[in-house]
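To start, the structure itself, in structure tokens.
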Amino acid sequence: MNSSFWRPDTNQKRAILFMEALGLIHDLGKLSDTFLQSQEPNSTLEYIHNLLVDPRQIDIYKNHRPIPNNKASSMIAEWLRDAGGKPAAFQERPDLTSLLLNLQFDDWTGTKYCLAELMPLVARPALARKTPSSEWGKVLGKEMTPGLLIGYLHGVAHFEKQGDPDDKNKQPYSAVFRATPFGLEDRIETGKNELTTTLKYLPLSNIEPITSNQRRDWLRAMEENMKRGLADTRRPHNEVSLWDWGYMTATLAKAAAAWIFKNGWPRDNDLGKIPYRTLCITLNRLVLYSRCDKIGDLLGVRQVLDEAYRKVQRLLEEEYALANRFYRDETGEYYLFPDLGYSNEEMIALREAIQAQFPPDLRPQVHLGEPVTAGQLDDSNPSAVRKLVAEPRGQSMQEHTMRAGNNLCLFEWEWGNGRPENAEICSACGVYPIGYPREGSSHDLERSLSYWATQAEAQRLQVCRVCLDRRRRRAEDWAKNNFQGTIWIDEVADDNGLVALFVGKFGLEGWLDGSLVSTIKVTHNEVKYPSPARLYRIVETCRSFWQQVTDDLTRKTVGQRPFRLALYPATNEVSKLGNFHAYELKADSIALSVIWDKSHRRFLTIENLTYLASRCRIPEDALMDKLRGNNLHVVEPSEFLSPARTSAKVRVERVDKLNGYTPTIPLLAEPSVYMAMVPAVKALELARNVKRKYEEEMGRVRDRLPIYLGLVFFRRHTPLRAVLEAGRAMLNMDGGDKWEGWRLVDKNLNNGVCELAFDNGITWKVPTVAGDGQTRDEWYPRMYEGDSRDSKKVKHVNDLRVRNPQIPPDKGWKVWVKPSRFDFEFLDTNSRRFEIYYDQNGRRPRRTRPFYLEDLDRLDTLWTLLKLKLPAKAQRYQVIRTIEDTRQKWYGRDREEDSWHDPVFQQFVADTLAQAAWPKTWKWTEIEQDPQKKQLIEAGVKGELADLAELYMEILKE
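Read in order, the letters of the sequence shown correspond to residues 1 to 958 in the UniProt record's numbering.
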């Protein structure tokens, strides 16, 4: 590998990493309850938050040379006066000055600095603009350029360009709230001195780890604590935490310092000319996952990719000290990189160094985005921010995933006497030959493989040794972690043997490019501008949403399975069984999925035991007795071109209970995309719970931050590729994230909520007060209103106009929204996945699909009504089948939805429903204006009753 590209030497790297640390902690003086008190309305407390060190203890400030009419000299004198007479941040953490005095580095001119000397400059963006470095040199003997650089980038990273009055929207110390970038607030525990206590326990006594391999651990500890602090307490600026601001300042400073080490200090002190580019390391996980035939292969690929990306992060952030990762999702990872002017040869060398961290069959694309300067990022124009993520990410989504060469002639050396004519390719990766690498042919690669990934075993399973290792290593790790969770689809299956792939997606495009940030109001004439810190905060908030779905919501919704079983055989005929390999134990009435745990000489069950008990027609508690003492065949499951075969015959001598587990398999949790496997019977409830969480946390911006939820139901042994392709297809229901015009027919304001009723039957409840329950939220709950999409303007929801019913539907003003959607499909056959197709408007050939997300509640109400009023399944089936058969006879496939608008068909539906056996307390013919009756007729006309029957009766078995 060619390694000829410029990167910092050891001393430069140390300086860059210390400047990164300085950027991270530059505004820590705000992590203080005293700071919150000083920010109260009409506060008389003057707290100097940007004096995190005591200048009276630092020699260059104590002994500085006063110069009349010198701005630097005047500033230093002011710092010394403030340190002696006003409350300051260094008093909250008294040890920090001496700690930072001991951390030194040499800058790009060879000048030695300690971090304490630079600290007073780093939170003051005006210094770099108004005070030339030469003036600092006259006063201090050093030009202080590292501190001036970080101070300048402090302003670039975030929002101090928005000029609302100082006292407007300040929060009282007794009720200070943090916000998400979408307006949800939670209270800071000011009565317990939460922030001051956090500052005291920050791991600042040892910053040196940032220059070592302990860097990630140190940063994680800092992140956990710095997230508690606010960059600004004023609403609506209270959405960016000190971590968000500090990390983006550190990221900008790191890349800028590397650029200066190579190119020197910018001419004329113009720091705005420092150029950046986004380094894109892209590899579409959704595509790679959908190529996997087994869940073990998918989880193995995920583990390998995670490890490879961690290696790249260590390479770029620590070993090279060139860039920090500031965005990642299912498309890849993105680093803020200095525009070093690499030649083609240098760029190739960098690309090879990055790709070398990945296995040959999982290599990413590596390229640089368009240049953007610090000055452009400091401007309010969102076009610069688009170059950070939106444009590079959009480009990566158009790229084809790299495919390694799979010409078996490339592996000629794998066979000692030439390649056999019938040589085959691994059925898992489709790249390497079966059995690759041949034992003794590649010592480096073989050292990375587990001892049980032998050539013979791989050839028996029709895979390469690399894929065999990935597949079983995931099972081995699962066993070593005391069987936490599950990695087996059979264990996820519900009591009917059905599983659901749950997919979710946020419509983030307008937020990533910064265009929708401007919908959030600051003052009457000011709106929010996209900044690097705000972009980072938006992305990480969405990631946190899905992570909470995985960690909390899914666990609570799905619940626990009570136990697994461990089966100990009494025979010695198990020596040839593959370690952590999946088998089936079969007898006359038993077919049980297990894996072989060789070290403990036992089989572990890997399927839903309730489902097994139902197949055996016995209670679940009787399974242990049923299995104990039984003679069972150990069967190798059938695979492509490999029929099932018996590997051994065993008698079960002992059966033990093991701990229970949560039957879910999380696959992906990125800012925009989520995927997990859950029991089919719990999938709809999970979708409802995610909907409620979304409405609570994103309800103020639901009109422009849509969420798309999909459920792919399948039998437990359905080919995984078919399932994942269906899930990928369902993520396209956004229809290009287009705006729709909805007509507002009613509006009610009550208890801090604005209820909006639209003519499509959807009602939104939008919060209109801040977290304290009293302050009117002027900033977030704002929607577009206008006669057309091009003429729409933003209004507060309270000010939206209700339409006059006399206005024709195609005339007049509308509320413009990006609607959230819900869809589902049952893969009764593999080919059913091809029916999941969305046109440019997000519609499927099935006339009712997808639904609006809000229809989940309506469908649930309709089903409850049907189940209550028509308890006999046969009755429900007969009514729905009659309606759908008639629709088919009258309208064929009805692509133009003629049946929806035909009064004759509407009357037929009403008559068919009237003939059902309704209860005496709810006689159809005696009900005139009951809204439930109207809803049932409308659902029948549109075909939604057929959807209800499929979802609740055929899939969920209710």
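Each residue gets a CB set at the ideal place from its N, CA and C atoms; glycine is no exception. Quick caveat, the model's predicted, so the values are computed rather than measured.
Where does residue i land, buried or exposed, given buried means 16+ other C-beta within 10 angstroms?
i: N659; result: exposed
i: H49; result: buried
i: L749; result: exposed
i: I927; result: exposed
i: A390; result: buried
i: G699; result: buried
i: W864; result: The question names Trp, but residue 864 in the sequence shown is Thr. So T864 ends up on the exposed side.
i: P532; result: buried
i: G629; result: exposed
i: K62; result: exposed
i: M19; result: buried
i: H600; result: exposed
i: Q455; result: buried
i: residue 959; result: Since the first residue of the chain shown is 1 and the last is 958, residue 959 is not available in this structure.
i: Y201; result: exposed
i: G264; result: exposed
i: V904; result: exposed
i: H154; result: buried
i: R895; result: exposed
i: V941; result: buried
i: M397; result: exposed
i: Q39; result: buried
i: S241; result: buried
i: V655; result: buried
Do residue i and residue j have their C-beta atoms closer together than 8 Å?
i: A669; j: W546; result: yes
i: D244; j: N238; result: no
i: L800; j: K765; result: no
i: V797; j: M677; result: no
i: F5; j: L350; result: yes
i: residue 989; j: N324; result: The first residue shown for the chain is 1 and the last is 958, placing residue 989 beyond what the model contains.
i: L445; j: T211; result: no
i: A458; j: R447; result: no
i: G710; j: V503; result: yes
Report, in whole angstroms, the separation of the C-beta atoms of residue i and residue j, which I expect to be a contact under 8 Å.
i: Q935; j: L853; result: Not confirmed; about 18 Å, so no contact.
i: residue 959; j: V673; result: Residue 959 cannot be examined here, being either before or after the span of the chain that is shown, 1 to 958.
i: P8; j: A255; result: Between A255 and P8 the Cβ distance is about 11 Å, and since that is not below 8 Å, they are no contact.
i: residue 966; j: W488; result: An answer regarding residue 966 cannot be provided, because it is not within the stretch 1 to 958 covered by the chain.
i: I937; j: A910; result: 5 Å
In its own chain, which residues sit with a C-beta less than 7 Å from the C-beta of residue i, not counting the 5 before and 5 after it?
i: K138; result: I67, N70
i: R555; result: T662
i: L604; result: R564, A566, V594, I595, D597
Could you pull out every residue in the same chain whose Cβ sits closer than 6 Å to the Cβ of residue i, ignoring the five residues on either side in sequence?
i: W452; result: N579
i: E424; result: I434
i: K161; result: Reliability fails at K161, whose pLDDT of 48 lies under 50, so the model's placement of it is uncertain and no value is given.
i: K142; result: T111
i: Q907; result: none
i: K649; result: H633
i: N2; result: Note that N2 scores a pLDDT of 49, beneath 50, so its modelled location is shaky and nothing firm can be said.
i: N841; result: G735
In its own chain, which residues sit with a C-beta less than 8 Å from the C-beta of residue i, not counting the 5 before and 5 after it?
i: R471; result: K294, G296, D297, G300, A428, V463
i: Y611; result: A493, D494, D495, N496, G497
i: A587; result: N630, N631, L632, H633
i: L121; result: L127, M144, G147, L148, I150, G151
i: M347; result: F5, L368
Quick one: does the C-beta of residue i sit closer than 7 Å to a heavy atom of the ligand GTP?
i: A687; result: Ligands displayed in this structure: none; no statement on the ligand GTP is therefore possible.
Whether or not the region 177-184 and the region 766-773 are in contact is what I'm after, with contact meaning three or more pairs of Cβ atoms, one per stretch, closer than 8 Å; do they touch? yes
Would you check if the region 186-196 and the region 14-34 touch, i.e. whether three or more CB-CB distances between them fall below 8 Å? yes
Taking three-plus beta-carbon pairs below 8 Å as touching, is the region 734-752 in contact with the region 811-819? yes
Does the region 522-540 come within contact of the region 565-580, defined as at least 3 CB pairs closer than 8 Å? Between the region 522-540 and the region 565-580 there are fewer than three inter-stretch CB-CB distances shorter than 8 Å, so the stretches are not counted as touching.
Take every Cβ of the region 122-137, pair it with every Cβ of the region 266-276, and state whether three or more of those distances are shorter than 8 Å. yes
Is there contact here, the region 712-721 with the region 778-795, by at least three beta-carbon pairs under 8 Å? Below 8 Å, too few C-beta pairs join the region 712-721 and the region 778-795 to call them touching: fewer than three.
Tell me, please, whether the region 276-296 touches the region 720-729 by the rule of three or more beta-carbon pairs shorter than 8 Å. By the Cβ test, the region 276-296 is in contact with the region 720-729, since at least three Cβ pairs between them sit closer than 8 Å.
Please confirm if the region 50-57 is in contact with the region 71-91, defined as three or more CB-CB distances below 8 Å between the two stretches. yes
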